[in-house]
Amino acid sequence: MADMTENKVRRNPFIGTTISTGKSEFEARMKVLEPNLAKALLAGTVHTVDYALYATRLIGADTTIELMQSADTKKVGVTNINNRKLEANTYAFVKGMQLLESTEECATEADVLKADFGKINKNTANGELEIKQGDKILFPRSSNAIFNHDGKDNKLAGYYVFDCPKVFQPLTDIIPTLYLPAANSADNNVAANTAIRIVFHCVKTNKA
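Using the working numbering, the first residue of the sequence shown is number 9, and each one after it goes up by one.
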């Protein structure tokens, strides 16, 4: 019988540092996984892959917006997740996220599919974001100012690296909620109808 210790994931000495990889950070959190899934990772029948989880939402005149909703279904350019939940036995270690806004007015889904996305507008930048999974708060209401950059000093516009990385659990609602100080309008010198895109940069489990 093969010695399972040969396949055991070794703890990387760089865990928690800026040079640690998402893969090694995920493996350091094996204890949060369902035991059979952890064994499958050790055996190599399941592995980890890079993954960008995203959703796009029209804003309109709303000031409180759930950027992922329970009725969502996968559609290219709109979202790549169903019902704002990861599938069974799928865990995602979230390294960071982007908050982006359409660079032109978007009033319909057809507009979203043709839109460019970049730096958030000033009304969004003055708002707040909260991220929950189920009833657990993963990211308490915080200023959107951390996403308010165009990427010149970063690889990606609107990207924020989590100092306290998150782990999304399977079959549990992911609820990012955007709070705006006022409705988008000419009074704010921003387009009345825009779209927000949220992108979570992850390492997730995947069948080999």
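The C-beta atom is built at its ideal place from N, Cα and C for all residues, glycine as well.
- Look at K163 and V57 and say whether their C-beta atoms are less than 8 Å apart. No. Outside cutoff.
- What number of angstroms, rounded off, separates the C-alpha of P148 from the C-alpha of M76? Cα to Cα, the separation comes out at about 16 Å.
- Message: Among P178, K82, G126, F170, whose alpha-carbon lies nearest the alpha-carbon of H157?
- Response: Nearest C-alpha to H157: G126.
- Message: Suppose contacts are defined by Cβ-Cβ distances below 8 Å. Is R61 in contact with C172 by that definition?
- Response: Strictly speaking, residue 61 in this sequence is Leu, with Arg absent from that position. Note that the C-beta distance between L61 and C172 is not below 8 Å.
- Query: Can you tell me whether DSSP reads N97 as helix, strand or coil?
  - Reply: N97: coil per DSSP, three-state reduction.
- Message: Measuring alpha carbon to alpha carbon, tell me which residue in I182, Y168, L179 is nearest L107.
- Response: Of the candidates I182, Y168, L179, the one whose C-alpha sits nearest the C-alpha of L107 is Y168.
- Per-residue DSSP class, three states only, for D195: Of the three classes helix, strand and coil, the one that applies to D195 here is helix, per DSSP.
- Query: Whose CA, out of T132, K83, Q141, lies closest to the CA of A100?
  - Reply: Comparing C-alpha distances from A100 to each of T132, K83, Q141 shows the shortest one belongs to Q141.
- Message: Going by DSSP, what residue range makes up the alpha helix (DSSP H) through N131?
- Response: Its alpha helix (DSSP H) spans residues 130 to 133.
- Contact check, V198 vs N129, beta carbons under 8 Å: Taking 8 Å as the cut-off, the Cβ atoms of V198 and N129 count as close.
- Item | Any beta strand (DSSP E) of 3 or more consecutive residues that is wholly inside the region 135 to 204 | With a minimum length of 3 residues, the continuous beta strand (DSSP E) runs that stay inside the region 135 to 204 are 136 to 141, 144 to 151, 167 to 176, 182 to 187.
- Opposing strand residues paired with E74 [DSSP bridges]: Its beta-bridge partners are T185.
- Query: Thinking C-alpha only, which one of N97, S78, I73 is nearest K47?
  - Reply: Nearest option by C-alpha distance: N97.
- Pairwise C-alpha distance: L146 and F170: Roughly 11 Å separates the two Cα atoms.
- Distance, Cα to Cα, E136 vs N44? Cα-Cα distance, rounded: 38 Å.
- Message: If you follow the alpha helix (DSSP H) that D119 is in, where does it begin and where does it stop?
- Response: Looking at the DSSP string, the run of the alpha helix (DSSP H) that includes D119 is 117 to 122.
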